[in-house]
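J.: Chains as they are written, first to last, in my numbering: chain A, 1 to 225; chain B, 1 to 252.
We put the beta carbon where it would ideally sit given N, CA and C, even for glycine.
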C-alpha cells in the first residue's frame, strides 16, 4: 500500500454510471476486485475506485464517481487495498454473475480469462455494449438452468443483494454453490480499512468480516451463510 | 479535576473510532504528528454491527450508524496488548460502559498494561447527570481517566463530572437523524465540518469554566485545531479527516 497523487483525465458516461480514466503510478493500479482509496481536495469522504479496464498511465475506474469530479480533478490516492479475485490456474469454464447489473468490476476478468483460453459466460439483466465476441451473455434468470456449466463462479453484488443470493443461484436456503467461486461485495467503505468502523460489515458463515480489509472479494461459500 | 495526569508530546490525537484498535505505522496517517492514540470503542462483551448500519452524506457532513462493533475487551486485550506495548505513541483505551460494574471491570483489566497511558470512558448519549457521575466515579483508578461527553449535552454533564478527579473531559460526536431515499429514518453520529461550530462553542464554554477539555468535532484542518487550542482546549482530537488525504497523512 502506498500513497501518491493522481488525476481524473477523462469522464465516461455508461449505463451503470460515470466512469473515469485515472492517471496514477503503476504500483497503485488495483488488481481486479481490489480498490484504491481516492480523495479529491476538500472532500469529506473518500471514494473507492475499482478496476474496470486498463489505460495508458493508469486505469479505467468502475462506476460510480462523485458528481463533482471532472477532467483535471486532482486526487490523493492510497492503496491498492483489499483482497481481489484469485482465479484458479487452468480454468476451463468461468461463470460471471452481475447481480446488480454492473459489469464493470468483472470486465478485467473477462480479458484475462479469454487470453488464457478459458470460456466465459456472463449472467446479467443489463448486458453492456462492446463485449468480446467470445463472451456468451444470458439473463440472470437463466443461471439456475446452466449452473452445471462453470468450473468457477464469480459474483458481483451489493451488500443488500446478499439475502437473495440463494434465490438468484437457484439454491435452497441452506444450499451450497455447485462449484467453487468468489463474490465481490460492493458497499460503502468510508474508512477504507483504517478504522474498522463497521459500516461495510458482512455477515459470513463463520462470523462478521469487513469488506474494506477482509474483502471486498470473499469465498462464495462463506457469503452463502 | 487534574489536567496534569496526562501529558502529550503534541496536543493532537485521533478520536475514538477513527483508527482502529492499534496504531499502524504502515497506514497513511503520520503517527509522528499525534501525541496519543485512542482506540476504537471497546465494550466488555462483544458487539455485532448494527442491523441498519450506514454512512449517509448530507451537506457539510455525514451520519454514521454502526453500533460500535468490537470483539469485546478480553479479545481486544489479547490481540492488541503486544502492539500497545510496542506502540510509538501512548495508547488511551476507549471503553463503553452502561453500568458501574461494566466500567469498573473494564478499567481494572486495563491497569498495568504496558503502553496504555489512560482510559477514555464514552458515556451513552441519553445518560442523566447522576448516572454519568456514577460511571465516571467507578472509572477512577490507577490510569488517568478522560470522560467523553456527547457534544449536545457536554456543557450540562461536564459541570457534574468536573467535581471528580478526572484528567479531562472530551467531546463525542453529536447524534442526529436522516431519512434515506426509501423514507426510512436512521439515527447516528454526525461528522464533518458542519459540526465544528458546535464543538467550538462547547470547548470555549467548558474552558471558560476552568474544566480541562479535549476538543473534538468537525476538525478538518490545522486552523480548526489551532482555534480550539486558542479558546482553551487542552488538546484536540481529529476523527474522520483521517479517512481522507488530510493534513495528517504522510502525503499531506
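#1: Select from 32/A, 44/A, 12/A, 72/A the residue whose C-alpha is nearest the C-alpha of residue 5/A.
#2: Grouping DSSP H, G and I as helix and E and B as strand, with all else coil, what is residue 165/A?
#3: Is DSSP giving residue 9/A helix, strand or coil here?
#4: I'd like to confirm the pairing. Which residues does DSSP put opposite residue 150/B in its beta bridges?
#5: Work out the CA separation of residue 170/A and residue 194/B for me, nearest whole Å.
#6: Chain C partners of residue 83/B, CB-CB under 9 Å?
#7: How far does the beta strand (DSSP E) with residue 117/B in it reach, from first residue to last?
#8: Report yes or no: is there a C-beta of chain A within less than 7 Å of the C-beta of residue 27/B?
#9: If you follow the alpha helix (DSSP H) that residue 84/B is part of, which residue opens it and which one closes it?
#10: Please report how far the alpha carbon of residue 38/A lies from the alpha carbon of residue 164/B, in whole angstroms.
#11: At least one CB of chain A closer than 7 Å to the CB of residue 55/B: is that the case?
#12: Could you give the distance in angstroms between the alpha-carbon of residue 177/B and the alpha-carbon of residue 58/B?
#13: Alpha carbon to alpha carbon, how far is residue 111/B from residue 145/B?
#14: For residue 1/B, which of helix, strand or coil comes out of DSSP?
#15: Is DSSP giving residue 196/B helix, strand or coil here?
#16: On the three-state DSSP scale, how would you describe residue 41/A?
#17: Is DSSP giving residue 252/B helix, strand or coil here?
#18: For residue 107/A and residue 43/B, I'd like the C-alpha separation in whole angstroms.
#19: From the beta carbon of residue 23/A, is the nearest beta carbon of chain B less than 7 Å away?
#20: Could you list the residues in the segment 139-162 of chain B with a C-beta less than 9 Å from some C-beta on chain A, going in chain order?
#21: Please report whether the beta-carbon of residue 233/B lies at a distance below 7 Å from any beta-carbon of chain A.
#22: Restricting to Cα atoms, I'd like to know which of 118/A, 172/A, 211/A is closest to residue 191/A.
#23: Quick check on residue 226/A - is its C-beta less than 7 Å from some C-beta in chain B?
#24: Taking the continuous beta strand (DSSP E) assigned at residue 244/B, which residues delimit it?
#25: Within the 7 Å Cβ cut-off, does residue 247/B reach chain A?
#26: According to DSSP, which residues form a beta bridge with residue 184/A?
#27: Within its chain, find whatever has a CB closer than 6 Å to the CB of residue 18/B; leave out the 5 residues flanking it on each side and keep chain order.
#28: Would you tell me roughly how many angstroms separate the C-alpha atoms of residue 123/B and residue 172/B, rounded to the nearest one?
#29: Quick one: which residues of the segment 30-48 of chain B get their C-beta closer than 7 Å to a C-beta of chain A? List them in chain order.
#30: Would you mind giving the Cβ-Cβ distance between residue 48/A and residue 189/A, rounded to the nearest angstrom? I have them listed as a contact below 8 Å.
T.: Let me spell this out:
#1: Looking at the Cα atoms, 72/A is the closest of the given residues.
#2: Note: residue 165/A maps to helix in three-state DSSP.
#3: Look at residue 9/A here: in three-state DSSP terms it is strand.
#4: DSSP output for residue 150/B lists 172/B as bridge partner(s).
#5: If you draw a straight line from the Cα of residue 194/B to the Cα of residue 170/A, it comes to about 47 Å.
#6: This model lacks chain C altogether, as its protein chains are A and B.
#7: Annotation for residue 117/B: the continuous beta strand (DSSP E) segment containing it runs 116-122.
#8: Yes - at least one Cβ of chain A is within 7 Å of the one on residue 27/B.
#9: Unbroken alpha helix (DSSP H) run through residue 84/B: 73-86.
#10: It is roughly 45 Å from the alpha-carbon of residue 38/A to the alpha-carbon of residue 164/B.
#11: So yes, residue 55/B belongs to the interface.
#12: Answer to the nearest angstrom: the Cα atoms are 11 Å apart.
#13: Straight through space, the alpha carbons of residue 145/B and residue 111/B are spaced by roughly 11 Å.
#14: Note that residue 1/B has pLDDT 46, beneath the 50 cutoff, so the model's placement of it is unreliable and the number below is only indicative. Three-state result, residue 1/B: coil.
#15: DSSP places residue 196/B in helix when its eight states are reduced to three.
#16: In this structure, DSSP gives residue 41/A a state outside helix and strand, which the three-state scheme calls coil.
#17: Unreliable positioning characterises residue 252/B in this predicted model, as indicated by a pLDDT of 47, which lies under 50. A coordinate reading is not provided.
#18: If I take the Cα positions, the gap works out to 43 Å.
#19: False, the Cβ-Cβ gap to chain B never drops below 7 Å.
#20: Residues passing the 9 Å Cβ filter: none.
#21: For residue 233/B, the answer is no, since every Cβ of chain A falls outside 7 Å of its Cβ.
#22: For the residues 118/A, 172/A, 211/A, the minimum Cα distance to residue 191/A belongs to 211/A.
#23: With chain A represented from 1 up to 225, any question about residue 226/A goes unanswered, as that position is not in the structure.
#24: That residue, residue 244/B, is in no beta strand (DSSP E); it is neither H nor E in DSSP.
#25: Contacts with chain A at 7 Å (Cβ-Cβ) do not include residue 247/B.
#26: When DSSP reads this structure, residue 184/A sits in a beta bridge with 156/A, 217/A.
#27: So the qualifying residues of the chain are 239, 242.
#28: In this model, residue 123/B and residue 172/B are separated by some 9 Å (Cα to Cα).
#29: The residues in question are 40, 48.
#30: Right, their Cβ atoms sit about 5 Å apart.
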